[in-house]
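Notes for the one structure printed next.
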Amino acid sequence: MTNSPLRVGIISAAWGARAHLPAWRSLDGVEVTAICTSRPETAAKAAADFDVARAFHDFRAMAADPEIDIVDCGTRPPLRHAMVMAALGAGKHVYNGIPFAKDLADARAMAAAWWSAGTVAVVDAFMQAVPAIVQMKAMIDAGWIGEVFGADVAFEVPLFSAAQTNVPGYVWFADPANGASAGRNLGSHMLHLLVHAFGPVASVTADQSLALKAWPVDGETVLPQVPDRASLLLRHASGLPTRLEANWCKIGGEGFRFSAWGSKGRLEARAPVFPMAHDTRLFGTQDPALGSARTEEIAIEPGHLAVPGCHAVADRPETGLLALASIFATMRDAINGKGVAAPDFAQALHIHEVVEAAGRAADERRWIDL
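Numbering-wise, UniProt numbering puts 4 at position 4 of the sequence shown, and it's gapless, one number per residue.
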């Protein structure tokens, strides 16, 4: 294990600085030493605003710098491909966003570069690290619901509506050139969760469509060209059937819910929007009589509310803080020779293959085997 802190360079003064920077800074043995944007003036301002020592305006220079160990790649998928490839080519450890890539060719290229580099590479699918979901998986693995019969996961929220855009910084979702859609963005996060819980997917069928034809943004109108809802039926390699629903234009949507049931009972994790440590709750019921199947809230065990070598607090409302820090901690530990970092690029490639297969299945109206 190294005695020196691991040095992180973050590409992005938006999501990367707002969400990732506090999570990296919550870890022992890690220092954020650099930030990169596309222009010298914005890089200098970001470094000053976020109290980061070094500013870069060329991600290739950041990737090549010998005083950086980990490159955290923010921004949208088409831009991240070159960033990831430069970092892996320089032998860096890499953290990459979701969706993993804009298309399957880029996904395969990044996975191949990672295998060649032999470094630690992880993606931003941190739902699996939310304490309620960590406990849910542990209870499933311990047999609390008995033999697992099925599961479904849904993320249905009004990110965009005819009256307002609630996430103006994500208008890039409207353009297919960015590798975006409800199934690719929201769906990728949920697919990572399903694969983490139940193993790889063997086959998929899907239905996807665009319902809301216009988004109002700052007095202008954006015309989206990608599906805003996706329904997937999945068959895992184990034979388990699961279901996924993604919708980013659902007014009054119930947010996030992840349910699994079996021969003894059912468990369900719920969150008002994206699942976070502070607002995701766990519910369950075991073999009730017909008509009395009410689920009761299950307390989260203290051991799931903390990460070794991390000072993030579970009930703080910052975006993804503890869950992100937990994933970052697996990177730190794996780099230092302890444990395995997850979700890695191998899982990310598999998820991207499922996403692409789902799009094909929707177009061809049939099941696709992976």
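Built from N, CA and C at the ideal position, the CB exists for glycine as well.
Query	Result
Three-state class that DSSP yields for valine 355 in the structure shown	helix
Within 9 angstroms, strictly: CB atoms of valine 153 and serine 326	no
Between the CA atoms of valine 222 and valine 171 - distance to the nearest angstrom	8 angstroms
Assigned exposure category for phenylalanine 100 - 16 Cβ within 10 Å defines buried	buried
Contact the region 131-147 vs the region 192-199: 3+ CB pairs below 8 angstroms	yes
Per-residue burial, aspartate 333 [other beta carbons within 10 Å of its own, 16 or more giving buried]	buried
Rounded Cβ spacing between leucine 21 and isoleucine 10 (contact assumed at less than 8 angstroms)	6 angstroms
Residue(s) in a DSSP beta bridge with asparagine 166	DSSP output for asparagine 166 lists no bridge partner at all.
Whether glutamine 347 touches valine 123 by CB criterion (9 angstroms)	yes
Three-state secondary structure assigned by DSSP to threonine 2	At threonine 2 the pLDDT is 49, less than 50, meaning the model places this residue with poor confidence; the figure from the coordinates comes in the next sentence. Three-state result, threonine 2: coil.
Span of the alpha helix (DSSP H), counted from its first residue to its last, around proline 241	It is not in any alpha helix (DSSP H) - proline 241 instead sits in the beta strand (DSSP E) that spans 241-247.
Asparagine 178 (DSSP reduced to helix, strand or coil)	helix
Under the three-state DSSP convention, the category glutamate 220 falls into	strand
Threonine 330 and glycine 337 closer than 9 angstroms at C-beta	no
Contact belief for proline 5 with glycine 29 at Cβ below 8 angstroms, rounded distance in angstroms	6 angstroms
Given alanine 230 as reference, the closest of Gly183, His189, Val217, Phe256 once Cα atoms are compared	Gly183
Anticipated Cβ contact below 8 angstroms, isoleucine 68 with threonine 33, distance rounded	7 angstroms
Endpoints, beta strand (DSSP E) assigned at glycine 284	281-286
Interface flag, arginine 108 vs chain C, CB-CB below 9 angstroms	Going by chain labels, chain C is absent from the structure shown, which holds only one protein chain.
Residue environment, histidine 350, which counts as buried when at least 16 other CB atoms sit within 10 Å	buried
Whole-Å CB distance - cysteine 73 paired with valine 52, under 8 angstroms assumed	Actually they do not touch by this definition, with Cβ atoms about 16 angstroms apart.
Cβ-based burial, aspartate 106 [other Cβ within 10 Å; buried from 16]	buried
Beta bridge counterpart(s) of aspartate 344 as assigned by DSSP	Val122
Residue range of the unbroken beta strand (DSSP E) whose run includes tryptophan 261	255-262
N-terminal and C-terminal residue of the beta strand (DSSP E) that alanine 105 is part of	Alanine 105 -> not in any beta strand (DSSP E); alpha helix (DSSP H) instead, spanning 104-117.
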